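Colleague: From first to last, the protein sequence lines stand for chains X and A. Sequential numbering of the first sequence, starting at 0, is according to numbering that gives the first Met the number 0. Sequential numbering of the second sequence, starting at 0, is according to numbering that gives the first Met the number 0. Quick one: structure below, then a few questions.
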Amino acid sequence: MKNFSLLNNFLYILFATIVSLIYLPILVMIVFSFNSSKYQIMPFRSFTTTWYQRVITDSQYIEGLSNSLIVSISVSLFATLLAFFCAYSLVNSNFKGKSFLNIFFLTPLVVPLILIGISLRFYLSSKGYEPSLFLVAIGQSIFVMPLAILNLSNRMSQIPKNLEEAAWSLGSSRLRSMFEIILPSCKFSLIATFILTFTFAFDEFIIAYFLTNFSITLPIKIWTSLVTGFDPAINAIGTIVFLTSLTLGIISQLLFLKK
Amino acid sequence: MISKSIKLENINKNFDKVEVINSFNLEINAGEFITLLGPSGCGKTTLLRMIAGLEHVSSGNIFIGDDNVTSVSPNKRDTSIMFQDYALFPHMNIQQNIGYGLKLKKINKLEIDRKTKDWLKKIDLEEYGLRMPHEISGGQRQRVALARSLIVEPSVLLLDEPLGALDANLRKNMQSELKKVHSDIGITFVYVTHDQEEALSMSTKIVLMNKGKIEQMSRPVDLYNSPKSSFAAKFMGFTNIFSIKNRDKLDISNFFNTLENNDIENQKICFRSNNVNFKTDNSGEFKVVSKQYFGGMYQIKVSNNKNILINLMSDETISNGIKTGDSLNLSIESKDIIFLEDK
């Protein structure tokens, strides 16, 4: 028993270390976003919201934010919609090479993002496309598709097959039953998938960095501000992004539980 | 409603090289209540799904009425199917569930509303139209599923163990309700079940299936009283199935001593356990092995020195005094012995 409790304590410490490694820097960032000092050093001077005001009045940040919003919303809408049809065919049909296709759809999850970025950049510019936010949207759609397909096919495989069969037998066509029977049953998963893919696309940096040049997204703007010298406003924007992602992430997980 | 006949012509079905249905031929008359009966895995559900169009045939033809529907998709067939778990649409209320088939037929809203209300009244759920499927009981769901299938006025209703999920009491009620519906509307019913009692009490004809083939097709009375094979006999509850050497020289007074355990070459016979008469007799050849109470009845197992194990069923007033180890003398009337056609 004594050995057990020793091991238990060790595991607790390990767990605490991992959690603090992940969240401590974020906590520091949040704390300093309210610190009036220009330098990121202790002690904490006094409470201020100056950095937040700076962020919302800085046209570059606002532009980055609106670019990011436009791209991420289009990416998540497109990916969720396409993933719905992919998931439907993966779950409901039985064709040769289905298991291969299943794996194929999920490969972008394991391919390093930098490879997706570079290869798309070379391929698309060889086809005469200039780097732009549109290309970013394409690249990020590839990146979030596996997640969307995974989530939706997971839900769809829980829907009893004979719901659709009953609809067919009553005279419904396949297309109609897909929209009238399957779609409503996936309602919450669709919203959750939309939110989840949105947060992934919104935070994404590498693909975006390779595929755009003049119009930049928020993560790129943050990175360039860091390169040119530290600006405490970054703490503020980081806090906003973190809290938004966290909230959306929690909402999407709750929606998945609701089905 | 118009009732149509069904004809299955030389149907074969393979799932990944495993043969499920094997050169299957069956003609079902319009208006019949036919039951496909058999153990699980005998292919009865596959057959029903093929009639509905939910499963392709590997080869063969399916006719509904005069039309060859072999390659017609399920939504274009004149059939309606009911599942064991009812498959009510969870996001629609009861009224929308029942009216769904009419909505697909582009019938105007007022008409759909009127017909749906009619059906709600018929199934005694007038007040429940706005409830969701998970807010009503199993028996009620079953009636909703039935109404949803029948409102589109199919010529054939296909039922896949629709009573399987109900408890025993409700099942009995539903059996008679379904039978009444059948005689009221007169369309063809094809019913799948593994429950012989259900099949016997509801159908006009039973198709007993075994390994993708028809084992026997008869009226319920005939299947119950004269099974043709030992498979059919077992399925109809015969627990005493034996072989005898010589059919022509059957000696009824010495019948039980001529029985042998099943042997491929000999004539097979069977008899019901309640048709055997017995009395205690010290010189009797059969000894009581076990005795079990079945509510009003005792099942008594007896055996002789040739290891022939016979099941007896008798009223408790007769068998009360009998104990394990007692010797019994058995007798049977020749009309109660059924000759089977197995080889």
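From the three backbone atoms N, C-alpha and C, an ideal C-beta is built for every residue, glycine too. Remember, predicted model here, so these are calculated numbers, not experimental data.
1) To be precise: take each residue of the segment 99-123 of chain A, compare its Cβ to all Cβ atoms of chain X, and keep it if any distance is under 7 Å. Which residues remain?
2) Could you give the C-beta distance for residue 229 of chain A and residue 213 of chain A, rounded to a whole number, given that I count them as a contact under 8 Å?
3) What residue range is occupied by the uninterrupted beta strand (DSSP E) comprising residue 18 of chain A?
4) I'd like to check one pair, residue 33 of chain A with residue 180 of chain A: are the Cβ atoms closer than 8 Å?
5) Would you grab the beta carbon distance between residue 174 of chain A and residue 158 of chain A for me? Rounded to a whole angstrom, and I think it's under 8 Å.
6) Using alpha carbons as the reference points, say which of X:155, X:106, X:153 and X:62 lies closest to residue 141 of chain X.
7) Identify the residues that DSSP records as bridge partners of residue 269 of chain A: which are they?
8) Output the distance between the C-alpha atoms of residue 343 of chain A and residue 191 of chain A, rounded to the nearest integer angstrom.
9) May I ask you to list, following chain order, the residues of the segment 150-172 of chain X that have a beta carbon less than 8 Å from some beta carbon of chain A?
10) Quick check on DSSP: helix, strand or coil for residue 128 of chain X?
11) How many angstroms separate the CA atom of residue 216 of chain A from the CA atom of residue 98 of chain X?
12) Note the first and the last residue of the continuous beta strand (DSSP E) segment covering residue 290 of chain A.
13) With DSSP run on the structure shown, which of helix, strand or coil describes residue 28 of chain X?
14) Give me the residue from X:8, X:32 and X:71 with the minimum Cα distance to residue 196 of chain X.
15) Checking the sheet assignment: what are the DSSP bridge partners for residue 313 of chain A?
16) Three-state secondary structure (DSSP) at residue 112 of chain X?
17) In whole angstroms, give me the CA-to-CA distance for residue 51 of chain A and residue 80 of chain A.
18) Using a C-beta to C-beta distance shorter than 8 Å, which residues of chain X count as neighbours of residue 151 of chain A?
19) Tell me which residues share the same chain as residue 331 of chain A and place their Cβ nearer than 8 Å to its Cβ, disregarding the 5 neighbours each side in the sequence.
20) With 8 Å set as the bound, which would you pick, yes or no: does the beta-carbon of residue 180 of chain X sit closer than that to a beta-carbon of chain A?
21) Using 8 Å for Cβ pairs, my map puts residue 243 of chain A next to residue 258 of chain A. What's the rounded Cβ distance?
22) Would you mind telling me which residues of chain X sit closer than 8 Å to residue 84 of chain A, beta carbon to beta carbon, in chain order?
23) Identify whether residue 190 of chain A lies in helix, strand or coil by the three-state DSSP scheme.
24) If you drop the 5 nearest sequence neighbours on each side, which residues of the same chain put their C-beta closer than 6 Å to that of residue 139 of chain X?
25) Which of the residues in the segment 95-121 of chain X, read from start to end, lie with their CB under 8 Å from any CB of chain A?
26) With distances taken Cα to Cα, identify the nearest neighbour of residue 212 of chain X among X:144, X:172, X:170 and X:133.
27) If you run the structure through DSSP and keep just helix, strand and coil, what is residue 155 of chain A?
28) Where are the alpha helix (DSSP H) runs, 4 residues long or more, that stay fully inside the segment 147-220 of chain X, in chain order?
29) Any Cβ of chain A within less than 8 Å of the Cβ of residue 184 of chain X?
30) Applying the criterion that 16 or more other CB atoms from any shown protein chain within 10 Å of the CB defines a buried residue, is residue 99 of chain A buried or exposed?
31) Along chain X, which residues have their Cβ under 8 Å away from the Cβ of residue 79 of chain A?
32) In chain order, which continuous runs of the beta strand (DSSP E) of length 3 or greater are located wholly inside the segment 33-63 of chain A?
33) So what does residue 123 of chain A bridge to, in DSSP terms?
34) So what does residue 206 of chain A bridge to, in DSSP terms?
35) The alpha helix (DSSP H) with residue 196 of chain A in it runs from where to where?
Modeller: On the basis of the data shown:
1) 99, 100, 103 and 104
2) That pair is no contact at about 16 Å.
3) 17-27
4) no
5) That belief does not hold up - the Cβ atoms of residue 174 of chain A and residue 158 of chain A are roughly 11 Å apart, past 8 Å.
6) X:106
7) A:240 and A:337
8) With chain A covering only 0 through 342, there is no way to say anything about residue 343 of chain A.
9) 159, 161, 162, 164, 165, 166, 167, 168, 169, 170, 171 and 172
10) coil
11) About 43 Å.
12) 285-292
13) helix
14) X:71
15) A:297
16) helix
17) 7 Å
18) 169 and 170
19) 251, 254, 255, 270, 274, 275 and 276
20) yes
21) Their Cβ separation, rounded to whole angstroms, is 6 Å, which keeps residue 243 of chain A and residue 258 of chain A in contact under 8 Å.
22) 159 and 161
23) strand
24) So the list reads 74, 200, 203 and 206, once near-sequence residues are dropped.
25) none
26) X:133
27) strand
28) Within the segment 147-220 of chain X, the complete alpha helix (DSSP H) runs of at least 4 residues are 160-168, 173-176, 186-202 and 205-210.
29) yes
30) buried
31) 168 and 169, listed in chain order.
32) You should have 58-63.
33) Paired residues: none, contrary to the question.
34) A:35 and A:216
35) 195-201
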